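**Student:** In our numbering, the protein residues as written are 13 to 399.
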Ligand SMILES: Cc1ncc(COP(=O)(O)O)c(C=O)c1O
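Listed below in structure tokens is the structure:
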């Protein structure tokens, strides 16, 4: 079987049989002419099926190493569809640190339908075991938690899943398949926010669920048609094209991020740096075992204690040359400086954020494809406001 880098380019696609076109077809039609009265056709209506979306779904399954994929209009829409397969009274176990949008979705939407959850420290099997109830339906994890970038030990979780019979739902947004394939650890369902590394160019908002469980897949296909939170053909097209350069983007971002993490670590105005590629990061050994081709483009750091005014000066200064952009999200060609306190984790209560180390002086950098030395110059200039 081909290596993942090759599948990332060719998986799920072949040149058009009539014209030989190499780029995928972008088919925007909403409806399809039905070939014959009384007969069910493969293509009927855009909410249920679309050929460009079909290629993307085939590609997503191929790059994850099997199964079937279902694409939705965002990563959170994908999570929503997974939660819609649960019944009132069902329970989830999540890591203490998880994307704030997931918690917002569970607290503000699914709590009304009787879905409950417990957050535990996933480095302790004992804690996870204690949280299990007869209604626990998934260990719902992020392979690299955000924003402390702590890897969850997938091998250890696989053993626990086998022992307890509780399936693993793995959000692999921070670890795309050129880095980690969750099916290698028997994950039952993979969640991807296509908006990040997969599409990679800040121009797609999308999500997907990938599973080898065919009954679950059929249920998700039904939800795709019934709920209708589908990804548009244009975004599917851009996602397919974006995925093809995933491996080189990942590798380049990882190289630059390591260099930048080392620079930040040595800077006197930085209180702490979190990057799984740093030897002193608490999850470095696990990251080394389960992440390939680098540790990704995201580096989190905390500045020395700062006032609101100082933080504002830092953010203004860092953007002065238009190279680093203050904004949410990650994994785009442009380097982004995010502020988890009000952005990705803004939905969490202040005391929870403090406990997770998401203080007011905490930032998350998503390293883009610029020259790493240029980025270091911008960071140096930003940090000069403290001298
Ligand atoms: C780990 C993780 N999962 C899911 C999502 C949601 O993805 P989307 O923004 O595509 O809805 C995000 C968004 O930042 C994320 O970081």
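In this text, a Cβ means the ideal position worked out from N, Cα and C, and glycines have one as well. Computed from a prediction, not measured in an experiment: that's the story for all the values here.
#1: Less than 9 Å between the C-beta atoms of residue 283 and residue 373, yes or no?
#2: Taking the DSSP output, what are the residues bridged to residue 312?
#3: Classify residue 18 as helix, strand or coil using the three-state DSSP reduction.
#4: For the beta strand (DSSP E) that residue 183 lies in, which residues bound it at each end?
#5: If we count the other Cβ atoms within 10 Å of its Cβ and call it buried at 16 or more, is residue 204 buried or exposed?
#6: When a residue counts only if its C-beta is closer than 7 Å to some heavy atom of ligand 3, which residues count, in chain order?
#7: Can you give me the Cβ contacts of residue 261 inside the same chain, cut-off strictly under 6 Å, excluding the 5 residues immediately before and after it?
#8: If residue 228 and residue 97 are in contact, beta carbons under 8 Å, what's the gap, nearest whole angstrom?
#9: Is DSSP giving residue 293 helix, strand or coil here?
#10: How long is the line joining the alpha carbons of residue 107 and residue 28, rounded to whole angstroms?
#11: Quick check: the Cα distance between residue 77 and residue 267, rounded to an integer number of angstroms?
#12: Just to confirm my understanding: we take residue 186, look at its own chain, exclude 5 residues before and 5 after, and list those with CB closer than 7 Å. What are they?
#13: So, for residue 100: in the same chain, excluding its five sequence neighbours on each side, which residues have a beta-carbon less than 8 Å away from its beta-carbon?
#14: So what does residue 129 bridge to, in DSSP terms?
#15: For the beta strand (DSSP E) containing residue 350, list its first residue and its last residue.
#16: My parser needs the beta strand (DSSP E) runs of 3 or more residues fully inside the region 44 to 84; what are they?
#17: Is DSSP giving residue 152 helix, strand or coil here?
#18: Can you list, in chain order, the residues of its chain whose CB lies under 7 Å from that of residue 390, leaving out five sequence neighbours each side?
#19: Would you say the region 137 to 154 touches the region 173 to 183, given that touching needs at least three Cβ pairs under 8 Å?
#20: Rounded to a whole number of angstroms, what is the C-alpha to C-alpha distance between residue 343 and residue 208?
#21: Just verifying my parser: in three-state terms, what is the DSSP assignment at residue 163?
#22: For residue 63 and residue 39, which I take to be in contact (beta-carbon distance under 8 Å), what is that distance rounded to the nearest angstrom?
#23: Considering residue 219, what are the terminal residues of the beta strand (DSSP E) in which it resides?
#24: Residue 204 bridges to which residues according to DSSP?
#25: In terms of DSSP beta bridges, what is residue 336 paired with?
#26: Mind checking which residues open and close the alpha helix (DSSP H) that includes residue 136?
#27: Do you know how far the Cα of residue 237 is from the Cα of residue 94?
#28: Apart from the five residues just before and just after residue 117, which ones in its own chain have a Cβ nearer than 8 Å to its Cβ?
#29: Which residues in the same chain as residue 86 place their Cβ atom closer than 6 Å to its Cβ, once the five residues preceding and following it in sequence are excluded?
**Tutor:** Concretely, from the data shown:
#1: Locating residue 283 in the chain shown gives position 271, where the first residue counts as 1. Locating residue 373 in the chain shown gives position 361, where the first residue counts as 1. Result yes, Cβ atoms of residue 283 and residue 373 sit closer than 9 Å.
#2: Counting from 1 along the chain shown, the entry for residue 312 is found at position 300. Answer by DSSP bridge pairing, in chain order: 286 and 376.
#3: The residue labelled residue 18 in the question sits at position 6 within the chain shown. DSSP, reduced to helix, strand and coil, places residue 18 within a helical segment of the structure shown.
#4: In the chain shown, residue 183 corresponds to position 171, counting from 1. Segment 180 to 183, the beta strand (DSSP E) holding residue 183.
#5: On the chain shown, residue 204 is found 192 positions in, with the first residue counted as 1. Its Cβ being crowded by 16 or more others within 10 Å, residue 204 is buried.
#6: In the structure on display, ligand 3 does not appear, and the ligands it does have are ligand 1.
#7: For the purposes of this step, residue 261 is taken as residue 249 along the chain shown, with counting starting at 1. So the qualifying residues of the chain are 212.
#8: Your numbering for residue 228 matches position 216 in the chain shown. Your numbering for residue 97 matches position 85 in the chain shown. Indeed they touch by this definition, with Cβ atoms about 7 Å apart.
#9: As a first step, residue 293 must be located in the chain shown, where it is residue number 281. The answer is coil: DSSP assigns residue 293 none of H, G, I, E or B.
#10: Here residue 107 corresponds to residue number 95 of the chain shown, with the count starting at 1. Here residue 28 corresponds to residue number 16 of the chain shown, with the count starting at 1. Going from the Cα of residue 107 to the Cα of residue 28 covers about 44 Å.
#11: Within the chain shown, numbered from 1, the residue matching residue 77 stands at position 65. Within the chain shown, numbered from 1, the residue matching residue 267 stands at position 255. Each residue's alpha carbon lies about 25 Å from the other.
#12: Along the chain shown, read from residue 1 onward, the residue named residue 186 stands at position 174. Taking C-beta separations shorter than 7 Å and ignoring five residues to either side along the sequence, the partners of residue 186 in its chain run 154, 155, 156, 158, 308 and 310, following chain order.
#13: As a working mapping, residue 100 is identified with position 88 in the chain shown. Scanning its chain for C-beta atoms nearer than 8 Å, with the 5 sequence neighbours on each side dropped, one finds around residue 100 the residues 125, 126 and 127, in chain order.
#14: As a working mapping, residue 129 is identified with position 117 in the chain shown. Residue 129 is bridged to 104.
#15: Walking along the chain shown from the start, residue 350 turns up at place 338. Taken as a continuous stretch (DSSP letters only), the beta strand (DSSP E) holding residue 350 covers 347 to 350.
#16: 80 to 84
#17: Within the chain shown, residue 152 is the residue found at index 140, counting from 1. Under the three-state reduction of DSSP, residue 152 is assigned to strand.
#18: Position 378 of the chain shown, counted from the start, is the residue given in the question as residue 390. Excluding residues within five positions, the ones whose Cβ falls inside 7 Å are 330, 333, 335 and 336.
#19: yes
#20: Residue numbering aside, residue 343 sits at position 331 when the chain shown is read from its first letter. Residue numbering aside, residue 208 sits at position 196 when the chain shown is read from its first letter. So the two alpha carbons sit approximately 5 Å from each other.
#21: Within the chain shown, the letter at position 151 stands for residue 163. Residue 163 falls in the strand class under three-state DSSP.
#22: Translated into positions along the chain shown, residue 63 becomes position 51. Translated into positions along the chain shown, residue 39 becomes position 27. Confirmed, about 5 Å.
#23: Translated into the one-based positions of the chain shown, residue 219 becomes position 207. Element bounds for residue 219: 219 to 223.
#24: Counted from its first residue, the chain shown places residue 204 at position 192. 220, per the DSSP bridge assignment.
#25: As a position in the chain shown, residue 336 is number 324, starting the count at 1. Looking at the DSSP assignment, residue 336 forms a beta bridge with 347.
#26: Against the chain shown, residue 136 aligns to sequence position 124. In the DSSP annotation of this structure, residue 136 is not part of any alpha helix (DSSP H), being labelled neither H nor E.
#27: Start at 1 with the first residue of the chain shown, and residue 94 comes out as number 82. Start at 1 with the first residue of the chain shown, and residue 237 comes out as number 225. Residue 94 and residue 237: Cα-Cα distance of roughly 14 Å.
#28: In the chain shown, residue 117 corresponds to position 105, counting from 1. Cβ-Cβ distances below 8 Å link residue 117 to 88, 91, 92 and 95 in the same chain, with the five nearest sequence neighbours on each side left out; the list follows chain order.
#29: Numbered from 1 along the chain shown, position 74 holds the residue referred to as residue 86. Once the five neighbours on either side are set aside, the close Cβ partners of residue 86 are 217 and 219.
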